[in-house]
Amino acid sequence: MATAAIFSSLRRRRSPSLQAFLAPVDLTDVSLVQTLAAISSELVSCFSNKNFHFQRKNSRSLLRRLEVFLVLLEYLRDTGTGLPSTAMLCFKELYLVLYRCKILLDYCGQSSKLWLLLQNHSISGHFHDLNQEISTLLDVFPVDDVELSEDVREQIDLMQVHARKAKLYIDENDELLRVELFLFLDEFEKGKVPSHVELRSFFVENLRIKDATSCRSEIEFLEEQIVNHEGDIEPTASVLNGFVAITRYCRFLLFGFEEDEAEMGVGNQKKPRKGLITREIAETFISIPKDFCCPISLDLMRDPVIISTGQTYDRSSIARWMEEGHCSCPKTGQMLAHTRLVSNRALRNLIVQWCTAHGVPYDPPETADASAEYFTAALPTKAAIEANRATAELLIQQLACGSQGAKTVAAREIRLLAKTGRDNRAFIAKAGAIPHLCELLSSNNPVAQENSVTAMLNLSIYDKNKSRIMEEERCLGSIVQVLRFGLTTEARENAAATLFSLSAVHDYKKRIADERGAVEALAGLLRMGTTRGKKDAVTALFNLSTHTDNCLQMIEAGAVTALVGALGNEGVAEEAAGALALIVRQPIGAAAVGKEEMAVSGLIGMMRCGTPRAKENAVAALLELCRSGGAVATERVLKAPALAGLLQTLLFTGTKRARRKAASLARVFQRCENTTLHFGGLGVGYAFAGNSATNRDPSFTGDVSVPVSMSVPVL
1 MATAAIFSSL
11 RRRRSPSLQA
21 FLAPVDLTDV
31 SLVQTLAAIS
41 SELVSCFSNK
51 NFHFQRKNSR
61 SLLRRLEVFL
71 VLLEYLRDTG
81 TGLPSTAMLC
91 FKELYLVLYR
101 CKILLDYCGQ
111 SSKLWLLLQN
121 HSISGHFHDL
131 NQEISTLLDV
141 FPVDDVELSE
151 DVREQIDLMQ
161 VHARKAKLYI
171 DENDELLRVE
181 LFLFLDEFEK
191 GKVPSHVELR
201 SFFVENLRIK
211 DATSCRSEIE
221 FLEEQIVNHE
231 GDIEPTASVL
241 NGFVAITRYC
251 RFLLFGFEED
261 EAEMGVGNQK
271 KPRKGLITRE
281 IAETFISIPK
291 DFCCPISLDL
301 MRDPVIISTG
311 QTYDRSSIAR
321 WMEEGHCSCP
331 KTGQMLAHTR
341 LVSNRALRNL
351 IVQWCTAHGV
361 PYDPPETADA
371 SAEYFTAALP
381 TKAAIEANRA
391 TAELLIQQLA
401 CGSQGAKTVA
411 AREIRLLAKT
421 GRDNRAFIAK
431 AGAIPHLCEL
441 LSSNNPVAQE
451 NSVTAMLNLS
461 IYDKNKSRIM
471 EEERCLGSIV
481 QVLRFGLTTE
491 ARENAAATLF
501 SLSAVHDYKK
511 RIADERGAVE
521 ALAGLLRMGT
531 TRGKKDAVTA
541 LFNLSTHTDN
551 CLQMIEAGAV
561 TALVGALGNE
571 GVAEEAAGAL
581 ALIVRQPIGA
591 AAVGKEEMAV
601 SGLIGMMRCG
611 TPRAKENAVA
621 ALLELCRSGG
631 AVATERVLKA
641 PALAGLLQTL
651 LFTGTKRARR
661 KAASLARVFQ
671 RCENTTLHFG
681 GLGVGYAFAG
691 NSATNRDPSF
701 TGDVSVPVSM
711 SVPVL
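Once you know that position 535 of the sequence shown is 535 in the UniProt record's numbering, the rest is easy, because the numbers rise by one and skip nothing.
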């Protein structure tokens, strides 16, 4: 680790009195000596009695040198001895040396034991570097030009001799422990689980990690390093994840669940924990930084690329734009000098780091180029997978046979394990977690219920687990019950997200819609939920609406009314319009939407101000409403104000699909008796003359695709 990384890490940890060391100021001789004496005294008093678990000898050696400097400075301060200019230059350099001493000692005192062990060589090197700086400082200090007592001079001379002879020191015992830690990693890599005796000896007897709380602190510190160092870290993030997995296994193997039970309690609020997902972080999955969103789709970019104008877009979106025949930059309007797409690797890495920090799933594109090295480095090692597998077995045992408190803890940990990694989701379900989580869905403990439904959500992201969940007796019904009567808002929202995930399989859409109260609860969440709850509900309803047999249930359950109301909500309007476009394809759906007073005006509003996809869905819904809703519905659409101008705009600036739908809708109006639409004084035929593709009206061939970009949040 570089020195800058240590300094950066300690700044983040907000070490006390740090601001006093940031830069020397213009001080008189007397003031500088007084300041240095005060700083040295603070360092000696703060760290002399501190028990450093690692780097003990290096720390003591450095503190002895600081004590000698303190003797020198206090003597100069008390006697008022004058100092030559060369001595003042040395003391200004000493100011910075003391700053670096504080940073390093703080680092050794505040960092986790496992982290210090892993950084043993690097940190020992930093102590040696400081000793070399002190040695150089003493070599140039004009000791003969300063009036010192014999005792002070003797101590300075002795320190100078020792500093010159000092060599890099790496504690042999610390190094043996570091090697042993890597041997544990190697055992898990080979599919072997170290014995209980070996792990207890290492963690409890050698590292003095004696309870679950200390173990959890070690895990959180390592996770914090993975996030904070942004890939520039040694060991690599993959190796560190392996150590996190081993430590998590030891936490439950060695210390059980009792301490966690007492901390959580029945009905206790969850405390935010550094390095792990919290409610605040989970809610940010819909608040993506603007720079990470594609200007075309407004979605999080998976594969950002730069075009000739210097603007960045998601590869799929800009490729589609170019395939439609556009030769200009969508954002600036400039003509493209060429059509080459250059990967924006720096931005992609930033997006990955943001997703990792906020628990947002991010799958690299299949055609990723050399920048895929970043993702390879972040892939879990076999050691991490095997350690997590061993942990999952312990957790599932508690789900099956533990106390209610232990079951709550186990559900929380399974939720976190299933948060990342296809392998984790696969072996957790295969080991039999789903039936036990299903039982916990009906718990009267809100923490247990919330964690169990969220664990179910995270497990459902792996496609093979969807069938396991749906085939488990009463599991679907229990999820719906949480959606309807969940004890916390987050539990209800995550139940909706689970239904969305499960409804990705076509055969399950009808089963979910037929489950008593499912659609009604989703509609209610869409009307009254939080921003995130509305998003979960509308995406689930959209998926259900893609099954034609669900139309009647959605009408009777009030989903149509809720979807129409959602047209005015920017966060969910696009999905709501997409669902309505599918529902109105059937006469009963068109009739239901036609009865909603705000349906047409809401769709018109989206055509005016929505995203490109929202405009597509809105014009598609209006077209299908005219086709399936009969003369009354067509008349309502026809009388909508400003529709003619909006259609004209879509015909020239909309996406390919939006232009098709707009052309078809204009033709529907043209066929109506006594109806004439004019676009800027030009007849409809003129507007279509330049586009033979639209004259064929391909939208009548059964184009049922409604593009909506959605992903399941991992919580």
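C-beta: ideal position from N, C-alpha, C; glycine also.
It should be emphasised that the depicted structure is a prediction, and the values quoted were computed from it without experimental measurement.
- Residue 549 counts as exposed, since fewer than 16 other beta carbons sit within 10 angstroms of its beta carbon.
- Under the rule that a run must span 3 or more residues, no beta strand (DSSP E) segment is found entirely inside the stretch 438-502.
- The Cβ atoms of residue 483 and residue 518 lie closer than 8 Å to each other.
- By the neighbour-count definition (other C-beta atoms within 10 Å, threshold 16), residue 416 is a buried residue.
- Shown here, residue 86 sits in a helix according to DSSP, grouped into three states.
- DSSP lists 328 as the beta-bridge partner residues of residue 335.
- 8 Å or more divides the Cβ of residue 466 from the Cβ of residue 522.
- DSSP, read as helix, strand or coil, puts residue 293 in strand.
- As for any alpha helix (DSSP H) of minimum length 4 sitting wholly inside the stretch 592-646, the runs are 599-609 and 612-638, ordered along the chain.
- Judged by pairs of C-beta atoms under 8 Å, the stretch 240-251 touches the stretch 184-192, as three or more such pairs exist.
- Counting along the chain, no alpha helix (DSSP H) covers residue 312; the unbroken beta strand (DSSP E) around it starts and ends at 312-314.
- Within the DSSP bridge table, the entry for residue 304 names 314 as partners.
- DSSP, read as helix, strand or coil, puts residue 343 in strand.
- When DSSP assignments are scanned along the stretch 151-235, the uninterrupted stretches of alpha helix (DSSP H) that are 4 or more residues long and fall wholly within it turn out to be 172-189, 196-200 and 212-228.
- In the DSSP assignment, residue 516 falls outside any alpha helix (DSSP H), carrying neither H nor E.
- In chain order, 212 and 215 place their CB closer than 6 Å to the CB of residue 251, counting only its own chain and leaving out the 5 sequence neighbours on each side.
- The three-state secondary structure of residue 570, taken from DSSP, is coil.
- A check of alpha carbon separations from residue 583 across 610, 573, 481 and 555 identifies 555 as the nearest.
- With contacts defined by Cβ atoms closer than 8 Å, residue 468 and residue 434 form a contacting pair.
- Cβ-Cβ separation between residue 327 and residue 336: approximately 6 Å, consistent with a contact (criterion under 8 Å).
- The C-alpha of residue 399 lies about 15 Å from the C-alpha of residue 389.
- Between residue 659 and residue 650 the beta-carbon gap is near 6 Å, inside 8 Å, which marks them as a contact.
- In the displayed model, residue 106 falls within a helix according to three-state DSSP.
- Secondary structure note for residue 428: its alpha helix (DSSP H) is the uninterrupted segment 422-430.
- With respect to residue 217, residue 111 sits apart: the two C-beta atoms are not nearer than 8 Å.
- Assigned with DSSP and collapsed to three states, residue 587 falls in helix.
- In this chain, the alpha helix (DSSP H) harbouring residue 553 covers 551-556.
- Of the residues assessed, residue 661 falls on the buried side of the cut-off, its CB having 16 or more other CB atoms within 10 angstroms.
- The C-alpha of residue 321 is placed about 13 Å away from the C-alpha of residue 305.
- Distance from residue 593 to residue 572 at the Cβ level is roughly 17 Å; contact not present, criterion being Cβ atoms closer than 8 Å.
- Taking the Cα positions, residue 487 is about 9 Å away from residue 443.
- Residue 598 sits exposed, since fewer than 16 C-beta atoms from the chains shown fall within 10 Å of its C-beta.
- C-alpha of residue 238 to C-alpha of residue 346: approximately 20 Å in a straight line.
- The stretch 95-106 and the stretch 170-182 do not touch, with fewer than three beta-carbon pairs separated by less than 8 Å.
- By the C-beta density criterion, residue 139 is exposed, having fewer than 16 other C-beta atoms within 10 angstroms.
- Judged by beta-carbon spacing, residue 175 lies beyond the 8 Å limit of residue 228, meaning their Cβ atoms are not closer than that value.
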